[in-house]
Each structure stands twice: as C-alpha cells, then as structure tokens.
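In order, the protein sequences belong to chains X and Z.
First residue of the first sequence? That's 1 in the working numbering, and the numbers climb one at a time after it.
First residue of the second sequence? That's 231 in the working numbering, and the numbers climb one at a time after it.
Note that the Cβ used here is the ideal one computed from N, Cα and C, for glycine as well.
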Amino acid sequence: MSTDSPTSAMTQLLSALSLDGKRPIESRQVNSGAFEFLLPELVNTLVATTIETRRNAERLALALGEEGTADNSANTTRVAETSNAGWLELPDDSELMEQVFVKLEAVGFRVGRRLAERFAPVNRRLVDTLDIVKFVCKDIWMLLFNRQIDNLKTNHRGIYVLQDNKFKWFLRMSGNSGGAAAARHAQPYIWLPCGIIRGILDSFGVSTVVVAETLGLPQCTFQIKVVSDE
Amino acid sequence: MAKQYKAAGEEAWKNNVEKVNAELFIFTYGSLVVQLMRDYEDCAAVNAQLDKMGYNIGVRLADDILARTSLERCADLHATAEAVAKVGFKMFLNVVPAVVGWSADSREFSLQLDDNPLNDFCELPPRAVQDGLWYSNVLCGVVRGALEMLHMQTEVWFVRDVLRGDDASEIRVRLVRMLDEEVPAGDD
Numbered sequence: 001m002s003t004d005s006p007t008s009a010m011t012q013l014l015s016a017l018s019l020d021g022k023r024p025i026e027s028r029q030v031n032s033g034a035f036e037f038l039l040p041e042l043v044n045t046l047v048a049t050t051i052e053t054r055r056n057a058e059r060l061a062l063a064l065g066e067e068g069t070a071d072n073s074a075n076t077t078r079v080a081e082t083s084n085a086g087w088l089e090l091p092d093d094s095e096l097m098e099q100v101f102v103k104l105e106a107v108g109f110r111v112g113r114r115l116a117e118r119f120a121p122v123n124r125r126l127v128d129t130l131d132i133v134k135f136v137c138k139d140i141w142m143l144l145f146n147r148q149i150d151n152l153k154t155n156h157r158g159i160y161v162l163q164d165n166k167f168k169w170f171l172r173m174s175g176n177s178g179g180a181a182a183a184r185h186a187q188p189y190i191w192l193p194c195g196i197i198r199g200i201l202d203s204f205g206v207s208t209v210v211v212a213e214t215l216g217l218p219q220c221t222f223q224i225k226v227v228s229d230e
Numbered sequence: 231m232a233k234q235y236k237a238a239g240e241e242a243w244k245n246n247v248e249k250v251n252a253e254l255f256i257f258t259y260g261s262l263v264v265q266l267m268r269d270y271e272d273c274a275a276v277n278a279q280l281d282k283m284g285y286n287i288g289v290r291l292a293d294d295i296l297a298r299t300s301l302e303r304c305a306d307l308h309a310t311a312e313a314v315a316k317v318g319f320k321m322f323l324n325v326v327p328a329v330v331g332w333s334a335d336s337r338e339f340s341l342q343l344d345d346n347p348l349n350d351f352c353e354l355p356p357r358a359v360q361d362g363l364w365y366s367n368v369l370c371g372v373v374r375g376a377l378e379m380l381h382m383q384t385e386v387w388f389v390r391d392v393l394r395g396d397d398a399s400e401i402r403v404r405l406v407r408m409l410d411e412e413v414p415a416g417d418d
C-alpha cells in the first residue's frame, strides 16, 4: 500500500500500534465476497481432486494386477455441483467425503496457524488455554466474521464449547431444507473453521481435537477437546 | 471511457462492498495451493485445478458485479479490458491492474499487476514456483469465467510473476471469439 508522505505513513503506523495490540502492519482489505465465492469452489476442488486421486489409485491397483475396489467410480460419483440455493450437492459417497473433510480440516489448520502468527496480541500474553480460547471467541471471530462467539462453556478440564447462533457462512445459503438435509449440506463449511480453531491452538502449543455440529441453521457449535500429552 | 470505469469501480468499492481484512482470503487460498501441491505433485495439474476453480468463481463474480454496478454492455474489447481492471479487480481485491500490451489486431492485451494481494503471505518455497507453478493462476480462471459471462470466449494465462523473480506480474488475455447470447454450457 503506497503512502503519500512520511507523515501519513507514520500516522498509519501509530494508529496500527494503538490499543488493540495488532501487528504494526495494517491489514489490507478485500471484498468479503472474495472469500465467500472462494469457499464453495474450494470444497468443489477438493472433492474433484479426491475423486481423481482415488481413480488413479484404483487404475494403478488394477494395472498391478491387484483386485480393484468395486465399481466404476466414473459412473457412481460426480463432482459436487452447486445448486441454486448456493449449497453444494455433494456426492453420495461417505468414504469419499470423509477424505474431503480431512483435507478441508487440514486447509483450515494451516489457515489457523497463520492467523495466530499474524494476529496474536503483542501487548498481552495469553496465559492459559482458556485465554487462548477466549482469544478465538472474541478477536479471531471478530476478524473473520465481524462478531463474537455467542456463548462459551467449559468444564475447566479441557473441554470448551463455542456456540455461534448466526454462523456467517450459513447465512448466505437459503434455508428451506431443514434437519438432516441441511446438516449434510453444512458439513463442508464446518470442517474449515474446525481446522482454523485447531491451528490457532496448536500455534500456542495446545493440541486439540475440534469438531462441530449444527442443530439447525444458522446455528453452529464447535467443541474443543484438549489432548493431553501422555 | 476508462475514467468512467475508474469512477464506477471506486464508487462501488467505497459504497457498495462489504470490506473485510484480507488475511482469511489470502491464507485460505495459500493453504489450498499447499494442499493441491501435496495431492498432485505435478505443477501443471495444480495450475489446471486453480484455473478451473477460478473459472467457476469468475462466472458467479460477473453476476455479482453486474448486479451491483450500473455498467452497460461493453462496446468492445478495449472497454471490456478497462472494466475488468478498474471495476472487477477493484471491487473484489481493491487493486487495479494496468491494461497494457495491446496486440495490433486489438484481440489481445495484458493485465499488469503491480500489487497482487495473493502474494502477500505466499508460503510456498521458491523452488515450487520456479518448477512451473503459477501461484495465482486462479485469477486467470476468474477473468476467463467473467468474460464468458460477457459473451467472450478467451484464453487467459500468466506470462510473468514476481514470485518467480520476474519484475512484474502479468496476465495475458486473448479473445478467441464472441459467443452467442445463449448461456454457455460451462467448463468440464
């Protein structure tokens, strides 16, 4: 970002260093739509690549004379298509989708680590895991979604439950399908933030398992479970 | 004409766009590229996936832009190029590439990106990029998809990239042909 004069550069630097403790490099801005358009296509791409790698593995197995796994995947699975409501119509193949979710979570994990590096507060230390989780609930959620987590619960023994009643990525989708169908549609969108949360905690040296569920759109609940070193 | 688009783009960015910190977008994209590099190992395959992904995004983006601005149908490729640079890129990434390098027959031009947000925190080793990866190849697909919505079939490709050590990043656009008014069948 170019600045017109040394004074304006200094002003920017000073304001960025003020009270909120952010890094002294001002964040640039983009259209919120940039990410919102990227997300479904990202899922789509991961589905396509997973199908392709699986197909290649099957071909290789056949070529090597091993028993191929069942069928003609070209016919039974299809790449995720986007319906008019904005939801992805995902292939009805739970094994495939599980592989996709693992990748989505991995993508989120890397994002989380980088967000932590970039936005960890400089003027206060995060003392314990609860501090870090609060950082996620307030600062990170604010950065990502322009609001904070609605409700945080903990049993003070390594389990944290974060509730977002209006999860932003669900809001864009029209909600005329309820119950199980909606939950299934929401699945891919849940794994990325799970990874993000896990990545942030990992950055501070805390190993966790993070899962999420939705009991009804646009609500979303994340559960963090600290994995203790044995 | 270019001034009109500049004004339209700035107006749209200022008043008609929800702005957020770029990090989520930039980190997520970078993280996806890392994942694809692991899945494919072959840079050409990754480039292709990024382009295809960009195409799907571009198709939707064009709709969004047309809905938010009062842009009229572009008269020719010159106008279209200005619209893509000054309105499209501005509205989404808040950067404006320069439109340069017109071919003699006016069917080709370049978008020169002096500032590419995706490069901000690029986490790939230089080796990967030098091996043939076009890190921001999604942008080529986006331009191609958006132009198809404007009834133009194009080829769009990266010519230079600062991540490769070039002095600038440059995307080349070539008009293949005008399309009929029918909705295109879409990419395979």
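Where the alpha helix (DSSP H) through Tyr-160(X) begins and ends: Premise fails: Tyr-160(X) lies in the beta strand (DSSP E), 159-164, not in any alpha helix (DSSP H).
With Met-231(Z) as the anchor, note down where its alpha helix (DSSP H) starts and where it stops. Met-231(Z) -> no alpha helix (DSSP H), and no H or E assigned at all.
Please check if any C-beta of chain X sits within less than 8 Å of the C-beta of Glu-241(Z). No, because no Cβ of chain X sits closer than 8 Å to the Cβ of Glu-241(Z).
What does Lys-103(X) touch in chain Z if you count any residue whose Cβ is under 7 Å from its own? At a beta-carbon threshold of 7 Å, the residues of chain Z lying near Lys-103(X) are Gln-265, ordered along the chain.
Per-residue DSSP class, three states only, for Asp-71(X): Per-residue confidence for Asp-71(X) stands at a pLDDT of 45, beneath the threshold of 50, marking its modelled position as unreliable; no derived number is given.
So for Glu-105(X), helix, strand or coil by DSSP? Here Glu-105(X) sits in helix by DSSP.
Minimum Cβ-Cβ distance from Val-29(X) to chain Z less than 8 Å: Val is not the amino acid found at residue 29(X); the sequence shown has Gln there. Judged by the 8 Å Cβ criterion, Gln-29(X) is in contact with chain Z.
Closer than 8 Å to chain X by CB, Ile-401(Z): no
For the 8 Å Cβ check, are there 3 or more pairs between the region 51-66 of chain X and the region 293-300 of chain Z? Too few Cβ pairs lie closer than 8 Å, so no.
Taking only the alpha-carbon atoms, compute the straight-line gap between Thr-77(X) and Arg-54(X) and give it to the nearest angstrom. Residue placement at Thr-77(X) is flagged as unreliable, the pLDDT there being 36, under the threshold of 50; a coordinate-derived value is accordingly withheld.
Consult DSSP for Thr-3(X) and reduce its assignment to one of helix, strand or coil. With a pLDDT of only 42 at Thr-3(X), under 50, the local geometry of the prediction cannot be trusted, and the value read off the model is given with reservation. Here Thr-3(X) sits in coil by DSSP.
Which residues mark the beginning and the end of the beta strand (DSSP E) in which Leu-144(X) is found? Run containing Leu-144(X): none in the beta strand (DSSP E); it sits in the alpha helix (DSSP H), 141-145.
Beta-carbon within less than 6 Å of Glu-353(Z)'s beta-carbon, same chain only, minus the 5 sequence neighbours each way: which residues are those? Gly-260
What residues are listed by DSSP as bridge partners for Val-329(Z)? Looking at the DSSP output, Val-329(Z) bridges to Leu-341(Z).
DSSP has Ile-401(Z) in a bridge; who is on the other side? The partner list for Ile-401(Z) (beta bridge, DSSP) reads Leu-341(Z), Phe-388(Z).
Quick one: using the 10 Å Cβ neighbour count with 16 as the cut-off for buried, is Ala-328(Z) buried or exposed? By the C-beta density criterion, Ala-328(Z) is exposed, having fewer than 16 other C-beta atoms within 10 angstroms.
DSSP has Asn-286(Z) in a bridge; who is on the other side? As computed with DSSP, Asn-286(Z) is found in no beta bridge at all.
Alpha carbon of Ala-57(X) to alpha carbon of Ala-106(X), nearest angstrom: 21 Å
Using beta-carbon positions only, say whether Val-127(X) and Leu-90(X) come within less than 8 Å of one another. no
What ranges does the alpha helix (DSSP H) occupy inside the region 242-314 of chain Z, keeping only unbroken runs of at least 4 residues that lie completely in it? 253-270, 273-298, 307-313
Closer than 8 Å by C-beta to Thr-50(X): which residues in its own chain qualify, once you throw out the five before and the five after it? Chain order, please. Leu-96, Gln-99, Val-100, Lys-103
CB Gln-29(X) to CB Val-250(Z), shorter than 8 Å? Contact flag set, yes.
Between Leu-301(Z) and chain X, is any beta-carbon pair separated by less than 8 Å? no
Going by the CB atoms, is the gap between Val-392(Z) and Glu-338(Z) shorter than 8 Å? Cβ distance not < 8 Å, so Glu-338(Z) and Val-392(Z) don't count as in contact.
Which listed residue (Arg-394(Z), Arg-390(Z), Asp-396(Z), Ala-237(Z)) has its alpha carbon closest to that of Ala-313(Z): Ala-237(Z)
Asn-31(X) in three-state terms, based on DSSP: Strand, per DSSP.
Would Asn-155(X) pass as a contact of Gln-219(X) if the rule is Cβ separation under 8 Å? Asn-155(X) is not a Cβ neighbour of Gln-219(X), given a cutoff of 8 Å.
Specify the secondary structure class of Phe-319(Z) as computed by DSSP and reduced to three states. helix
Start-to-end residues for the beta strand (DSSP E) that takes in Cys-220(X): 220-226
Tell me the rounded alpha-carbon separation between Gln-360(Z) and Gln-234(Z). 39 Å
Within the continuous beta strand (DSSP E) that includes Val-210(X), where are the two ends? Judged by DSSP secondary structure, Val-210(X) falls within the beta strand (DSSP E) whose first and last residues are 208-213.
Check whether the region 110-120 of chain X touches the region 272-280 of chain Z, taking contact to mean three or more Cβ pairs, one atom from each stretch, closer than 8 Å. With the cut-off at 8 Å, the region 110-120 of chain X and the region 272-280 of chain Z do not touch.
Could you tell me whether any Cβ in chain X is nearer than 8 Å to the Cβ of Lys-249(Z)? yes
According to the neighbour-count rule (16 or more other Cβ atoms, all chains shown, within 10 Å of its Cβ), is Asp-139(X) buried or exposed? buried
Tell me, to the nearest whole angstrom, how far the beta carbon of Phe-119(X) is from that of Arg-290(Z); I am working on the premise that it is less than 8 Å. The pair is not a contact, with the Cβ atoms about 29 Å apart (cut-off 8 Å).
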